[in-house]
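Asker: Here it is, the structure, as structure tokens.
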Amino acid sequence: MEDQSNWDLYLPSALFAYRTIRQQTTRFEPFYLTYGREATLPIELKLPSDPTVIRSDVQQDQQVEDFQEQFYQRIRINVHTSQEKQKQRYDAQIHPKQYAIGEQVLLKNF
36 MEDQSNWDLY LPSALFAYRT IRQQTTRFEP FYLTYGREAT LPIELKLPSD PTVIRSDVQQ
96 DQQVEDFQEQ FYQRIRINVH TSQEKQKQRY DAQIHPKQYA IGEQVLLKNF
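Just so we're on the same page, my numbering is the position in the sequence shown counted from 1, plus 35.
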């Protein structure tokens, strides 16, 4: 991008790309987490499709609610697993400094 004065024109495409890529922590796309369905890609708008009628009833609403609860439980597990892995990687690199009695140290007052 040579002309950097029009960066805002690229923002919608960049955000769409980010929102439709699977995230490592949740293992889902942000779009799917927000809307509960896969995003419609721009190319799909040009393809012919059969419109479907969506019917709602109490039983179907309960099924959707049950699915959402299972879905979000799975996300919580994925996030927890990712956090544990990140903690293990961080902890493996930490080496606490050992100080000897009488050794000079720098004390900061915040």
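Just so it is clear, CB atoms sit at the ideal spot from N, CA and C, and this is done for glycine as well.
Mind the definition here: the region 93-106 touches the region 40-49 only if three or more C-beta pairs lie below 8 Å; say whether that holds.
Answerer: no
Asker: In angstroms with no decimal places, state the Cα-to-Cα distance between GLU73 and GLN139.
Answerer: In the sequence shown, counting from the first residue as 1, residue 73 sits at position 38. In the sequence shown, counting from the first residue as 1, residue 139 sits at position 104. Those two C-alpha atoms are separated by around 59 Å.
Asker: Hey, how far is the Cα of ALA127 from the Cα of TRP42?
Answerer: Within the sequence shown, residue 127 is the residue found at index 92, counting from 1. Within the sequence shown, residue 42 is the residue found at index 7, counting from 1. C-alpha separation (whole angstroms): 40 Å.
Asker: Along the chain, where does the alpha helix (DSSP H) containing PRO47 start, and where does it finish?
Answerer: Residue mapping note: residue 47 aligns to position 12 of the sequence shown, counting from 1. Element bounds for PRO47: 46-54.
Asker: What does the alpha-carbon distance come out to for the pair ILE129 and GLU37?
Answerer: Within the sequence shown, numbered from 1, the residue matching residue 129 stands at position 94. Within the sequence shown, numbered from 1, the residue matching residue 37 stands at position 2. Taking the straight line joining both Cα atoms gives about 42 Å.
Asker: I need the boundaries of the alpha helix (DSSP H) containing GLU100, first residue and last residue.
Answerer: Within the sequence shown, residue 100 is the residue found at index 65, counting from 1. From DSSP, the alpha helix (DSSP H) with GLU100 extends over 93-128.
Asker: Let me know the secondary structure DSSP gives GLN66 once reduced to three states.
Answerer: Start at 1 with the first residue of the sequence shown, and residue 66 comes out as number 31. Sequence check: residue 66 is Phe here, not Gln. In the displayed model, PHE66 falls within a helix according to three-state DSSP.
Asker: Count Cβ pairs between the region 65-82 and the region 113-121 that sit closer than 8 Å; are there 3 or more?
Answerer: no
Asker: Output the distance between the C-alpha atoms of ALA135 and THR60, rounded to the nearest integer angstrom.
Answerer: Locating residue 135 in the sequence shown gives position 100, where the first residue counts as 1. Locating residue 60 in the sequence shown gives position 25, where the first residue counts as 1. For ALA135 and THR60, the distance between alpha carbons rounds to 41 Å.
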